[in-house]
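Engineer: Below is a structure I'd like to ask you about.
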Amino acid sequence: LAEALKLAENNGVDASQIPDCLAGGYADSAMLRQFFPRLLARDFAPAGYARQVLKDLDMVDALAKNSKTPLPMTSQARLLYRLLIARGYSELDAIAILKLYDSEPL
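Quick note: the sequence shown uses our numbering, first residue 11, plus one each step.
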């Protein structure tokens, strides 16, 4: 969702229209409807902490390694959340991942 928002903003698209454009299609989701308005508002007040997301991703990664199941997208998400936390945002909501796209390059 963070990438979709930045892609829209950087290309002059009214990002507030994204949920309506995707409504009813395969890309529609409860996550989109719940979190996209907060992303637009840059509202990173914690409903869940970024550090908790990383903890959960680390647990999934350990299970995947134990079962020899490659999860490249999970690995990438772990890297991004590690970077977010290293930049001091562990106590913000998980959607604060947008800060990586708003600030200095990844």
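Each residue gets a CB set at the ideal place from its N, CA and C atoms; glycine is no exception.
Here the structure is a predicted model, which means the values were calculated and not measured.
Would you please state the rounded distance, in angstroms, between the beta carbons of Ala60 and Tyr36? I believe it to be under 8 angstroms.
Structural biologist: Not quite, the Cβ-Cβ distance comes to about 28 angstroms (not below 8 angstroms), so this is no contact.
Engineer: Suppose contacts are defined by Cβ-Cβ distances below 7 angstroms. Is Pro56 in contact with Asp112 by that definition?
Structural biologist: Contact: no.
Engineer: Tell me, please, whether the segment 79-98 touches the segment 22-36 by the rule of three or more beta-carbon pairs shorter than 8 angstroms.
Structural biologist: Too few Cβ pairs lie closer than 8 angstroms, so no.
Engineer: Using 8 angstroms for Cβ pairs, my map puts Val63 next to Tyr91. What's the rounded Cβ distance?
Structural biologist: The Cβ separation is near 6 angstroms, so the contact holds.
Engineer: Would Leu49 pass as a contact of Leu108 if the rule is Cβ separation under 7 angstroms?
Structural biologist: For Leu49 and Leu108, yes; Cβs fall inside 7 angstroms.
Engineer: Report the partner residues of Tyr59 according to the DSSP bridge assignment.
Structural biologist: Asp103.
Engineer: Report, in whole angstroms, the separation of the C-beta atoms of Leu42 and Leu11, which I expect to be a contact under 8 angstroms.
Structural biologist: That pair is a contact at about 7 angstroms.
Engineer: Could you name the residues of the same chain whose beta carbon sits closer than 8 angstroms to that of Pro80, not counting the 5 residues immediately before and after it, in chain order?
Structural biologist: The answer, listed in chain order, is Ala74.
Engineer: From which residue to which residue does the alpha helix (DSSP H) around Arg48 run?
Structural biologist: 40-50 is the span of the alpha helix (DSSP H), which, as asked, contains Arg48.
Engineer: Where Asn76 and Ala40 are concerned, what is the direct C-alpha to C-alpha distance, given to the nearest angstrom?
Structural biologist: The straight-line gap from Cα to Cα measures roughly 31 angstroms.
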